[in-house]
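What follows is a short report on a single structure.
Set out below in C-alpha cells:
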C-alpha cells in the first residue's frame, strides 16, 4: 500500500476545475511512477541512477577498496534522485502532447529529495499553468512520500562500511547485528576473485509487493 | 740376503709382532679346535687341574672336551677367572655340539670375560647364553635359537639369521621375526653386559607379535618393522592395512624406569579401538599423542600446525573416550561420531578429509578447524537425526571451507575470502557459538551448506528450508552468503533472468549452477548475453538479441542430465556471439526457418530437417555471411567453398555441412566435435566452443601432429575461435597445453 500525498497551489484549498484535474492526475501518476522507478534503480545501483565509474562490470557501485570508503553520502544520493526525477518526469509528461484541447505551459522542474529514516520525501516543484476559457489554473507542488526506509538502510550500510575500513574480511557478526537491529536481510555474493556484492533487502519497504534492495560491492585484497 | 728375501723376512716379522699385539690382551681363545689358554698363570692352572684330572679334555695345548663341573669347582678354588673361562668354553662347546658354529674365535680377558667373538647358533635347539653376554647374567636368563651372536666388548649383537630364530631375554620372547637375509635389512638385538637392550631392529613375520623393551610391551602387527633405541624409544612401522591389537603398555605399573615412548606409524593402519590412522601415533605410558609436524590423520582428521602462526608447534594429546579434556587435545568418540578439540595454548589445525566420520567432505574439498588458545570445539555428526553436523565452539576459532574462512576472534566473526575456489562444494555444518561472550546471540547459528553458501540467522524459524543431500535445517536467513536468487544473480551478472513454467526446485538448482558457470565464463563473453530465460521444456536456444533460453525439465534430474551444464551454456553463448551480428528481426525469422522454433524455443522434437523446411529465398535474404563465417568455412573445408553449391543449399548458414574430408574420408572425423556439429555452421562453432570450455583435453589427439587422430582443421578452427573471442586466451592456451603443442 503506497501512501502518497500531493499538494498543489494556484486554486488553493478549492476543487480543481475538471480539465485541470485531468492534468493534475496525469502529472501525479508520472511523479509516482517515475519516483518509484528512480528510487528502486538508485537502490539497486548503490545510490546512483547510473552505475558510477567505480563499479563492477555488471554495474554495482564499489564502496570499499584498498582501505578507502567510496560510499555516497545521503546528500549525494538525494541530489542523484532529484536530478533524475527532474529528467524522468519531463520525459514522462511528454510536454503534455496528449492534452490537445488544453493550452498548457510548464516551467523548470525542481525536485528536492529528503531521505528520512523510514521514508523518502520528494518535493517536486513542477510549475504547470492550464489555460482555458474560464481563466488559468496553476499547479506546482507535488509532494510524494515513498515508504522506503532508505535512511535506515543507508545508516546500516554506512556502519558496515566504516567497520570495513580496518580489515580485509567481511564482518558477518556486524552484518547480523545491524540486520537484526533494523530488521533487514543481507545477501552476499562472490562476484570475482576479490569482489563481493552485498545486497541489503528491506521487507518493510515494499511498493507493489516489490521489496526494496540496495546493492553495493566491496573489493578485498587477497590474503 | 737378497733384497727381496729381506723384505719378505721383515713382513713376516711384522705380522708376527702384530699378531702378538692383537692377542696381547686375550688371556684365552675359544675356537672350533677348543679352548686355548694363553695366560701363563691360567694355562698352568688348566694343565695342573684339568689336563691332569681329565687328560682326554686336553690335546695339543687346547681344551677340547667339555669339562666336568666338579673339576671346574676345583679349578675355581685355585683360579676363579680360569674357571669362568672353562664355564664359557663349556657353553660354547655345548652349542657346537648342538649344531652351532664359531664364525670368529672368542677371545677372553684375564678375568674370564669374553671380549670378542662371533658364533652362529643352530635352529634345532635352544642355547642358554646369558653368561656369554655378561658376567652378572645367568646362562639360562638369555636363550637363543637360530641366531648369530657377535660379541664386542660389553656389547653383544644377536642377529636373527634363521626363519625360526628366537631370542628369550628373561622370559621376554623375540620370535615371529623375519630373518635378516629374507628381510634384506639389519635384523638384530643389541644387548649391554647386563642383558639390557641397547638397540633392536627387526621385521615381524605374518604372525605379528608382542615385544618387551625395558618396561614397555608393544604389539607389532604382522609384517611391521620394529626398531628400538634406548635413547629414542620404540618405533613400529605398520604395513598398509595393519591392525595394532594392543596399545603399548607398562609391563610393571609400579616402575617408571624403562618406560619408553612408542611411535606407531604407517600409511594406513588401525588402532585396537578400530580408529584408522595414517601417519604417526606417539604413545607415552598410557597417554597418546600426535606431533603437529607429522601431519598425522586419525579417522581422516589430520592435525598440523599453522605455518603462518607458529605459537605452538608441539603435540596434541589424543583421547578416544569423547570426554571433554583440557590441554591441547583431540578427544574422539568413534561410536557417536563426535570429536572434541581443545586448545590450552595451541593454535593447531584439524583438517577433515574425505571419509572422516564427523562431517561430509567431498573429494578435493578443504575443510578444517583451527583452535586458538583457550578454545574448545565439538563436532558432532547428526546424520541419524537427518541434520548436518553440529559444530559447537567456545573461544576463538577459524573454520576453513575451501576458499573461505570463518574466523571468530577479537569479538567479531569475520568471513575471509582466500581468493580462490578449489571446488564449488563445501562441507555442510551448523556452527553454534557458545560461551559468555557469544557474539551471535543464543538463537543464531551459522550454516555452511554443500554448495559454497553460508547463512547466519536464527534457528527454528521456518523462513528457509535447505533440502539437499542430508541437509534438512530451517533457519531465518538474516545474513546469507552465496545463496543464489533471481534478484541476486541479476545484480551479480547485470543480466535479466526470467523463469517461466519452472518448478521452484529446478529454479533453485538452475540459479546455483548459473552462478558457478558464469563465474567460470570470461567477462568479454558474458557481456554478449543480454538475458537468460529458463523455460519448461527441452533444449536450449540463443537469439540474435542476446537472450538465451534454456529448457528446464520439470524434474531436477532432467535438467541436471540434459539441458543445463557448462558445455551447453558456452554452446549457447557462442550462438549469441555469432548471432549478435544479425539484425534482430531478420535473425528471429531466420532462426524460425532454420529450426522451426517459435518464440525462439522448441518444445517439441527439436531440429527439423532444414532442407525440407527452409524457404530458400527468405533465408538467403535474411542471413549474410560474416567475415568470421567465411574464414570458418574455409578453415573447415566446407564443400561449397571451392566447388559448386548443391542445388538445395542456400548458403553456408543453412546447409547440412559436408566437408570434402568428411565426404572422402581423407581426414579424421572431418574436423567436427561431434555429429551435431555437422548440422550447420552455428552448431559447428557452438559445439567447438562448448567443448573448449568444458573439456579442453578433448582436442588432445586432434591437434597433435604426432597423433593418429590428427586433423589440421581442428587447430584452424581453434585459432579462429580465439581470434574472434569465442573463447578466452586462457582457454585457448589450456587446450594447447593439454595437447602438448603450446
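Residue numbers (my numbering), protein chains in the order written: chain B, 1 to 223; chain U, 1 to 742. Here a beta-carbon is modelled for each residue, glycine too, at the ideal position from N, C-alpha and C.
Which of helix, strand or coil does DSSP assign to residue i?
i, result
"residue 110 (chain B)", "strand"
"residue 482 (chain U)", "coil"
"residue 200 (chain U)", "strand"
"residue 181 (chain U)", "helix"
"residue 388 (chain U)", "coil"
"residue 132 (chain B)", "strand"
"residue 97 (chain B)", "coil"
"residue 400 (chain U)", "strand"
"residue 690 (chain U)", "helix"
"residue 380 (chain U)", "strand"
"residue 393 (chain U)", "strand"
"residue 196 (chain B)", "strand"
"residue 65 (chain B)", "strand"
"residue 51 (chain B)", "coil"
Label residue i either buried or exposed according to how many other C-beta atoms from any shown protein chain fall within 10 Å of its C-beta, with 16 as the threshold for buried.
i, result
"residue 18 (chain B)", "exposed"
"residue 144 (chain U)", "buried"
"residue 717 (chain U)", "buried"
"residue 539 (chain U)", "buried"
"residue 665 (chain U)", "For residue 665 (chain U), the predicted structure reports a pLDDT of 45, less than 50, and the residue's modelled location is therefore unreliable. The matter cannot be settled from this model."
"residue 196 (chain B)", "buried"
"residue 185 (chain B)", "buried"
"residue 259 (chain U)", "buried"
"residue 119 (chain U)", "buried"
"residue 166 (chain U)", "buried"
"residue 73 (chain B)", "exposed"
"residue 146 (chain U)", "buried"
"residue 321 (chain U)", "exposed"
"residue 389 (chain U)", "buried"
When you compare each of the options to residue i by their alpha carbons, which one comes out closest?
i, options, result
"residue 78 (chain B)", "B:179, B:70, B:49, B:63", "B:49"
"residue 551 (chain U)", "U:544, U:545, U:564, U:251", "U:564"
"residue 155 (chain B)", "B:58, B:175, B:218", "B:175"
"residue 572 (chain U)", "U:682, U:501, U:734", "U:682"
"residue 451 (chain U)", "U:348, U:403, U:738", "U:403"
"residue 26 (chain B)", "B:36, B:55, B:89", "B:89"
"residue 528 (chain U)", "U:481, U:443, U:577", "U:577"
"residue 65 (chain U)", "U:377, U:55, U:73", "U:55"
"residue 16 (chain B)", "B:148, B:138, B:125", "B:138"
"residue 492 (chain U)", "U:502, U:169, U:267, U:523", "U:523"
"residue 53 (chain B)", "B:33, B:217, B:181", "B:217"
"residue 495 (chain U)", "U:483, U:455, U:446, U:545", "U:545"
"residue 343 (chain U)", "U:358, U:305, U:202", "U:305"
"residue 694 (chain U)", "U:710, U:674, U:706, U:517", "U:517"
Starting from residue i, follow the beta strand (DSSP E) in both directions and report where the run begins and ends.
i, result
"residue 448 (chain U)", "444 to 448"
"residue 216 (chain U)", "216 to 220"
"residue 176 (chain B)", "Unbroken run through residue 176 (chain B) is the alpha helix (DSSP H), 172 to 182; no beta strand (DSSP E)."
"residue 209 (chain U)", "209 to 213"
"residue 30 (chain U)", "28 to 31"
"residue 167 (chain B)", "Note, residue 167 (chain B): premise wrong, no beta strand (DSSP E); not H, not E."
Is there a C-beta anywhere in chain D that falls below 8 Å from the one on residue i?
i, result
"residue 155 (chain U)", "The structure shown contains no chain D; its protein chains are B and U."
For the alpha helix (DSSP H) holding residue i, just list the boundary residues, first then last.
i, result
"residue 154 (chain B)", "150 to 164"
"residue 118 (chain U)", "Not the alpha helix (DSSP H): residue 118 (chain U) falls in the beta strand (DSSP E), residues 114 to 120."
"residue 18 (chain B)", "18 to 44"
"residue 714 (chain U)", "712 to 723"
"residue 735 (chain U)", "729 to 739"
"residue 71 (chain U)", "69 to 78"
"residue 570 (chain U)", "566 to 579"
"residue 42 (chain U)", "40 to 45"
"residue 628 (chain U)", "627 to 636"
"residue 222 (chain B)", "First-last for residue 222 (chain B): undefined, no H or E at that position."
"residue 701 (chain U)", "700 to 703"
message: Quick check for students: name the residue ranges of the beta strand (DSSP E) that lie wholly in the stretch 236 to 297 of chain U, counting only runs of 3 or more.
response: 262 to 270, 276 to 284, 287 to 291
task: At 4 residues or longer, and completely inside the stretch 83 to 162 of chain U: list those alpha helix (DSSP H) runs for me, N to C.
output: 130 to 133
message: Runs of 4 residues minimum, wholly inside the stretch 490 to 552 of chain U: which ones carry the alpha helix (DSSP H) assignment?
response: 504 to 520, 523 to 526
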